[in-house]
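Heads up: the structure comes next, in structure tokens.
Number of protein chains: 2
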Amino acid sequence: MAGQAPAPDSNRVQIFDTTLRDGEQSPGISLNKQEKVEIAHQLARLGVDVIEAGFPITSPGDFEAVEAIAREVEGPVVCGLARTHKADIDSAWNAIRASQRPRIHTFISTSEIHIQHQLQTTHEDVKGQARAAVALAKSLCEDVEFSPMDATRADVDFTAEVCAIAVAEGATVVNIPDTVGYTTPEEYTRYLGRLYELVPGLADVVVSVHCHDDLGLAVANSYAGVLAGARQVECAVNGIGERAGNCSLEEIVMLLRTRTDEHGFDTGVDARELARTSRMVSRLTGYQVQPNKAIVGRNAFAHESGIHQDGVLKERTTYEIMDPTAVGLESNSIVLGKHSGRHALKDALEQLGFKVEGGALNQAFKRFKEVADRKKQVTALDLEAIVSDEMRERTDSYGLGWFEVEAGSRKEPVARVAVRLPSGEESVGESGGDGPVDAIFGAIRAAIETECELRQFTVSAVTEGEDALGEVTVMLRAHGRLASGQGVATDILEASARAYVRALSNALDGAAVREAEGLTEDAARLPATPGP
Amino acid sequence: MAGQAPAPDSNRVQIFDTTLRDGEQSPGISLNKQEKVEIAHQLARLGVDVIEAGFPITSPGDFEAVEAIAREVEGPVVCGLARTHKADIDSAWNAIRASQRPRIHTFISTSEIHIQHQLQTTHEDVKGQARAAVALAKSLCEDVEFSPMDATRADVDFTAEVCAIAVAEGATVVNIPDTVGYTTPEEYTRYLGRLYELVPGLADVVVSVHCHDDLGLAVANSYAGVLAGARQVECAVNGIGERAGNCSLEEIVMLLRTRTDEHGFDTGVDARELARTSRMVSRLTGYQVQPNKAIVGRNAFAHESGIHQDGVLKERTTYEIMDPTAVGLESNSIVLGKHSGRHALKDALEQLGFKVEGGALNQAFKRFKEVADRKKQVTALDLEAIVSDEMRERTDSYGLGWFEVEAGSRKEPVARVAVRLPSGEESVGESGGDGPVDAIFGAIRAAIETECELRQFTVSAVTEGEDALGEVTVMLRAHGRLASGQGVATDILEASARAYVRALSNALDGAAVREAEGLTEDAARLPATPGP
């Protein structure tokens, strides 16, 4: 480790969450403003240090969501991403300025391959852009983060020159991203050590790591970064993000906490919120977590095979290095039934961190009653699913009226579906299909009179049991736009119909927004640059 | 790194696949013999060095599957797991002896916590058991692997004593497992270095690593092990296994290959088989792979957001460090339609690695025609799903006859289902429910006249498009046994019904096997010891 790394007593590692920026760039995720704000509130409850709320220049929707988070969410630093362009930095600043702790994060690539093929410019120009961008950001905002994109594939001397410029211009955080998930712990350690030697000023700022998981090393590389001196880790809930995603927030947090004996580091995260945060992000993005995912996977703590159970019963630590309740599993015993009243529901929702009042509470109660009539017990997991589902319902767009379907192995399925149009009118469509879901989707297209292409369809159960709520995610392409929608119901055909109508709404609304508002000329060039 | 590590020119790393042993111990996976053999054939095509085919003492079914793999699968070493008990080692040897390259793998814990709480014995006894077990195994089989279980939490000096005994008794491979996924790359490196110093004989055997992913470090720890001198990595396809699973095979293989510039190591794996192997294991185990899973996740190579696409188009390496075709994605262009004949189907299946002939080909062709009538194009992915689905069909157990259902948002659903009983008779059940799937499941239970508890229900689409095949996984508990079943159809209600009937069959058959054959007294004590 280089001499310039932080003093050994600075053992607090900052958690920089990029679920809403890098995570949200994953294919098919289409979070609306309300959903982003809800996730940001949960991240604040989780106790992350920084929320990268979005990339404001990229679209009016992204701008508004970042602005709403900056205004409403208290506690963490709220960060907006910007290329080195003036328009990006102005947009980021305008979006985050209402926050009590705003941060502008600006970046430019330092790797040969990016400079040559993507930026198509010179090394001198990269240095000039970095200098101007950090200076401009600093004139607007005290807290400025700079990232030399694709640093781990870049010449370390050139990257050091650019980082030194950023530090000289007042950057408070310098992030060294492994943008394509290429480095290894040893190599990253060497690289960071060399940077500390070449840029003495790094000792006075927070060094950050941002690792992608293309070779399965995002957590290990982030950890190596911390051992080499970094005191901020950029990560995302459930490890979502570009391609194989970012460092998984829950894994790096629990690694640091569980192995604090080895290294002495820790974060400020309240780990008991990890399980709920994971479920919320999985539900709202439609990105499922695999059963064998560390920390938050269904089996992460399971010994159901019976083979490990004996050991676990005798002594928990025989096969468990973490206590499931420490990450918020099995800690909640909320159970409501069909006789539970509005007050009990409100209390239960508050325990779960949802503040639901007035009309929203009435609507949630109505929905709760419908579910309680069908399910014997309504648990915390069910309530989370119902509230999240209600959050998706928008009165200004398409909605599901009613549906009916006949199907079987010996006849063609037939479906009739009524869709509520944005005008308030109801339109009924009818269709056959390869199966009842296909028939329902056909009937919805007939009712809305539109075409689209189904890209993905998944169903999972919220809880166990015959009467479990089914949660359906649909991803489709319509009007040149990829959009997703989710739906929840005890009847998976109903959940499928809701999810499909919502995905279509998202696609059609998005297309309408684009046409109505246009895109700034700068944003239109965006595809060239995705961020660290 | 210790002086005793292998010479620098021995840069070939052996891949030891434990999908069928540690992977198969995951909750709810219930692979039958035919499915295990099919996976083993695919592992041979993939080019792994060792297949750990099972833990023969644990059940007659496991024994038979290991025996069939030893007899039929050529190429890799076929390994059977055994505790240090004589009965385990005899059973393992009897199961694998037909292989051209058999290996017995025996293990005993060396950690204080395991010795005290699980084995409830003394250090001397552990040494004695290790000595006797390796000696016995060596008297039967030239190739013997020994694992000190939970080594990374054990005293290194004691573990070294036990390893020295194993080497002295003729072990050819010594595996140092991180059984509970607790270690870090630095700590593991130090631990292995110290072992090399304490046990000079390790220089003459293959040292192996077996890492679990509880803290997200399985790949990084395995990689650290290789850098420290290990030349065998134990891993599982899709990273399945106890709790958060094992080191992911595809990740360690592609890490070693992609970063061979950094370290010079490589494996003998044909990476172009990775994607197909992943799909097969996911399908047969019912364990889905999350979209952001490295190498084999749906998004691992995706830049669909449009944001990275520009860079990728300009120059692939801007954002991709691996070529998707190198891991077998996008490499297959098989497309059949409803006019394709039996010969075309047979050819296509052979290209996919399935040898299907005679009655099985007739059955596959019939099924293909049914699907081709409903789908415009039948792709390689569809064929894999159909063939896998046929592999699950067993004439000697329960089967789906026909079903019909009526459902909608304004009425109670009603389902009637005919189930083919093992006797050959058909039994019809009828039921209502919370939704059409619940009603179908109720009707199946009525037809079979049994009770069970649904634990999990997931649906995913095999390919894109409205006419995609739906793949349903059901996990349930019946007669004290957790069992899963899968079903494939263009109609998800049909797929659900097939999956449910199969899961129930697996549960009822398993219970019947247990009652009929009994378990050896030794196996009945098994729950105390799960393996490395």
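Chains D and W, in that order, are what the protein sequence lines are.
Everything in the first sequence is counted per my numbering, starting at 1 for the first residue and increasing by one.
Everything in the second sequence is counted per my numbering, starting at 533 for the first residue and increasing by one.
We put the beta carbon where it would ideally sit given N, CA and C, even for glycine.
Just the chain W side, please: which residues come within less than 8 Å of residue i by C-beta, in chain order?
{"i": "D:Ile321", "result": "Val712, Gly713, Tyr714, Asp746, Leu747"}
{"i": "D:Ile457", "result": "Per the sequence shown, residue 457 of chain D should be read as Phe rather than Ile. Here the neighbours are Val991, Ser992, Ala993, Ala1000, Gly1002."}
{"i": "D:Pro436", "result": "Val937, Ala939, Pro968, Asp1023, Ile1024, Leu1025"}
{"i": "D:Val219", "result": "Leu747, Gly748, Leu749, Ala752"}
Please report the residue range of the beta strand (DSSP E) in which residue i lies.
{"i": "W:Arg1013", "result": "1013-1021"}
{"i": "W:Ile601", "result": "Unbroken run through W:Ile601 is the alpha helix (DSSP H), 592-604; no beta strand (DSSP E)."}
{"i": "D:Gln14", "result": "14-17"}
{"i": "D:Leu31", "result": "First-last for D:Leu31: undefined, no H or E at that position."}
{"i": "W:Arg948", "result": "946-952"}
Taking Cβ-Cβ distances shorter than 9 Å, what residues in chain W pair up with residue i?
{"i": "D:Gly47", "result": "Chain W residues near D:Gly47: none, gap ~20 Å exceeds 9 Å."}
{"i": "D:Leu508", "result": "Going along chain W, no residue has its Cβ under 9 Å from D:Leu508, so there is no contact; the nearest lies around 18 Å."}
Evaluate residue i with the Cβ neighbour count: other Cβ atoms within 10 Å of its Cβ, from every protein chain shown; 16 or more gives buried, anything less gives exposed.
{"i": "W:Glu916", "result": "buried"}
{"i": "W:Lys825", "result": "buried"}
{"i": "D:Gln456", "result": "buried"}
{"i": "W:Thr715", "result": "buried"}
{"i": "W:Arg1057", "result": "Residue placement at W:Arg1057 is flagged as unreliable, the pLDDT there being 40, under the threshold of 50; the coordinate-derived value follows with that caveat. Per the 10 Å Cβ criterion, exposed."}
{"i": "W:Lys908", "result": "exposed"}
{"i": "D:Asp214", "result": "buried"}
{"i": "D:Asp157", "result": "exposed"}
{"i": "D:Gly518", "result": "Below a pLDDT of 50, predicted positions are generally treated as unreliable, and D:Gly518, at 43, falls in that range; the measurement from the model is reported next regardless. With fewer than 16 other Cβ atoms within 10 Å, it is exposed."}
{"i": "D:Ala168", "result": "exposed"}
{"i": "W:His875", "result": "exposed"}
{"i": "D:Ser139", "result": "exposed"}
{"i": "W:Asn894", "result": "exposed"}
{"i": "D:Glu451", "result": "exposed"}
{"i": "W:Gln883", "result": "exposed"}
{"i": "W:Gln632", "result": "exposed"}
Can residue i be considered in contact with the ligand GDP, in the sense that its beta carbon sits closer than 7 Å to one or more heavy atoms?
{"i": "D:Ala497", "result": "In terms of ligand content, the structure shown is empty, and the ligand GDP therefore cannot be addressed."}
Using alpha carbons as the reference points, say which of the options lies closest to residue i.
{"i": "W:Glu985", "options": "W:Ala619, W:Leu1001, W:Tyr1032, W:Ala950", "result": "W:Tyr1032"}
{"i": "W:Tyr930", "options": "W:Leu552, W:Tyr819, W:Ala1029", "result": "W:Ala1029"}
{"i": "W:Gly777", "options": "W:Ala1010, W:Asp549, W:Arg544, W:Thr850", "result": "W:Asp549"}
{"i": "D:Ala360", "options": "D:Glu390, D:Val126, D:Pro185, D:Arg374", "result": "D:Glu390"}
{"i": "W:Val991", "options": "W:Gly1017, W:Ala1010, W:Glu981", "result": "W:Gly1017"}
{"i": "D:Arg445", "options": "D:Gly429, D:Val437, D:Gly433, D:Gly75", "result": "D:Gly429"}
{"i": "D:Ala461", "options": "D:Arg298, D:Arg477, D:Leu400", "result": "D:Arg298"}
{"i": "D:His85", "options": "D:Ile108, D:Arg103, D:Ser278", "result": "D:Ile108"}
{"i": "W:Ser542", "options": "W:Gly796, W:Val705, W:Arg811, W:Ile918", "result": "W:Gly796"}
{"i": "W:Pro559", "options": "W:Thr850, W:Glu774, W:Phe973", "result": "W:Glu774"}
{"i": "W:Tyr755", "options": "W:Glu719, W:Val731, W:Leu727", "result": "W:Glu719"}
{"i": "D:Leu81", "options": "D:Arg71, D:Asn94, D:Ser248", "result": "D:Asn94"}
{"i": "W:Asn770", "options": "W:Ile918, W:Cys611, W:Gly757, W:Val828", "result": "W:Val828"}
{"i": "W:Ala703", "options": "W:Val737, W:Gln546, W:Asp682", "result": "W:Val737"}
{"i": "W:Glu584", "options": "W:Gln557, W:Gly860, W:Ala665", "result": "W:Gln557"}
{"i": "W:His744", "options": "D:Ala203, D:Met149, D:Arg316, D:Glu320", "result": "D:Glu320"}
{"i": "W:Leu877", "options": "W:Thr850, W:Arg906, W:Thr911", "result": "W:Thr911"}
So which residues of chain D does residue i contact, with C-beta pairs closer than 8 Å?
{"i": "W:Phe833", "result": "Arg243"}
{"i": "W:His875", "result": "Here the premise fails: no neighbours, minimum Cβ distance about 26 Å."}
Hey, could you find the ends of the alpha helix (DSSP H) residue i is sitting in?
{"i": "D:Asn362", "result": "358-374"}
{"i": "D:Val209", "result": "That residue, D:Val209, is in no alpha helix (DSSP H); its beta strand (DSSP E) goes 206-211."}
{"i": "D:Phe441", "result": "436-448"}
{"i": "D:Met254", "result": "249-258"}
Output, in chain order, the set of chain D residues within a Cβ distance shorter than 7 Å of residue i.
{"i": "W:His742", "result": "Under the 7 Å cutoff, chain D gives no residues; its nearest Cβ is about 14 Å from W:His742."}
Quiz item: Do the segment 790-798 of chain W and the segment 865-877 of chain W meet, that is, are 3 or more Cβ pairs less than 8 Å apart?
Solution: no
Quiz item: Do three or more CB pairs link the segment 64-74 of chain D to the segment 26-44 of chain D at distances below 8 Å?
Solution: yes
Quiz item: Is the segment 850-862 of chain W touching the segment 890-906 of chain W, taking contact as three or more C-beta pairs under 8 Å?
Solution: Too few Cβ pairs lie closer than 8 Å, so no.
Quiz prompt | Sufficient close CB pairs (3 or more, under 8 Å) joining the segment 403-416 of chain D to the segment 1012-1027 of chain W | solution = yes
Practice problem: Could you say if the segment 217-233 of chain D and the segment 811-821 of chain W meet the contact criterion of at least three C-beta pairs nearer than 8 Å? | Solution: no
Quiz item: Using 8 Å as the Cβ pair cut-off and three pairs as the minimum, do the segment 185-201 of chain D and the segment 677-696 of chain W touch?
Solution: no
Quiz item: Of all the residues that make up the segment 813-829 of chain W, which are near chain C by a beta-carbon distance shorter than 7 Å?
Solution: Of the protein chains in the structure, D and W, none is chain C.
Quiz item: Using 8 Å as the threshold, is the segment 949-967 of chain W in touch with the segment 1000-1015 of chain W, meaning 3 or more CB pairs across them?
Solution: no
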